[in-house]
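What follows is a short report on a single structure.
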Amino acid sequence: MTETAADTVMDVKVDQTTETTDILPNQTIYVNNINEKLSQKKLKEQLYGLFSKYGTILEIISSKRQKMKGQAFIVFQDITAASNALREMNGFSFFDRNINVQYSKNKSDAVSKLDGTYVEKKRERETEQEKRKAKKQDNKKSTKQSKTTSTSTPSGNVAPREAPPNRILFVENLPDNCQEMMIQMLFSQFPGFQSVNMTTARKGVAFVEYDDDIKSGLAMSHLQGFKVTSDRPMVISFAAQ
DNA sequence: AGCACA
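What follows is the structure, encoded as structure tokens:
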């Protein structure tokens, strides 16, 4: 009796988890497929009642515009609250509709204002009507202005750097008297924390290492703009490769 | 279906 290994069939259960992982975690959740019969006031009341158990809700945004009907943004204070709400409430039957819950694509203004990263408005604030007309004029622009003047960075205007996700965070705009222990206490409260490195060569910056770039991103979203001192919001970016 | 905050 010889069993050939070729006869053993691997019974692989194909788990087609249809997770919407195309959007990064966000402390704001985007809800759609909401019954459009609800008035704005009633809608917000109901959403508050349903979602406040997951954590502090900073704000609920909904609009009566046709484009925005049946949708709402629920801004949580914590990303974990948003995650739990998403997990539990996606597909929930709400006034005879199964609501769809995702992370918001964008950061809410309410969050940016708390972060200190809120930028008032773009210079050219285009209404949606103007956008349509300007659409045709959307030709090539000289992309050579992408150099940011980062020679000297004033303490109030440091912007996070554009970099792909990295498990190591680059933290800057820290006050001079900021010590490594202080940074560790802040960042170690988030899962996956590994270490802090502050080089004496550059003051006011630190590198914080996590298990992976998901964990580091989560910590960043929590601590972005955190003011170690009242005039110094820390600026966090993914470290350069 | 549809990602805004005036």
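If you're matching positions, the first sequence starts at 1366 in our numbering and goes up one per residue.
Glycine is no exception: its CB is placed at the ideal position from the N, C-alpha and C atoms.
These numbers were taken from a predicted model, which means no experiment stands behind them.
Asked	Found
Do you know offhand how far N1482's Cα is from L1539's?	What sits at residue 1482 in the sequence shown is Thr, not Asn. Rounded to the nearest angstrom, the two C-alpha atoms are 15 Å apart.
Is the number of C-beta pairs between the stretch 1578-1586 and the stretch 1550-1558 that are closer than 8 Å three or more?	yes
Less than 7 Å between the beta carbons of G1435 and E1410, yes or no?	no
Do you know whose CA, among T1445, M1454 and G1414, lies nearest S1586's CA?	T1445
Anyone know if the C-beta pair for A1437 and V1396 falls short of 7 Å?	yes
Looking only at its own chain, which residues have a Cβ that is under 6 Å from the Cβ of G1590, when we skip the five neighbours before and after it?	D1480, G1481, T1482 and P1598
What residue range is occupied by the uninterrupted alpha helix (DSSP H) comprising L1408?	Q1405 to F1416
Starting from the Cα of I1394, find the closest Cα among L1423, C1543 and L1403 and give me that residue.	L1423
Between N1463 and the rest of its own chain, which residues show a CB-CB distance below 6 Å, the 5 nearest in sequence each way excluded?	G1456
Might you give, ordered along the chain, the residues of its own chain that have their beta carbon closer than 7 Å to the beta carbon of N1398, omitting 5 neighbours on each side?	G1435, R1462, N1463, I1464 and N1465
Considering only the alpha carbon of each residue, which of Y1413, F1603 and N1522 lies closest to N1531?	F1603
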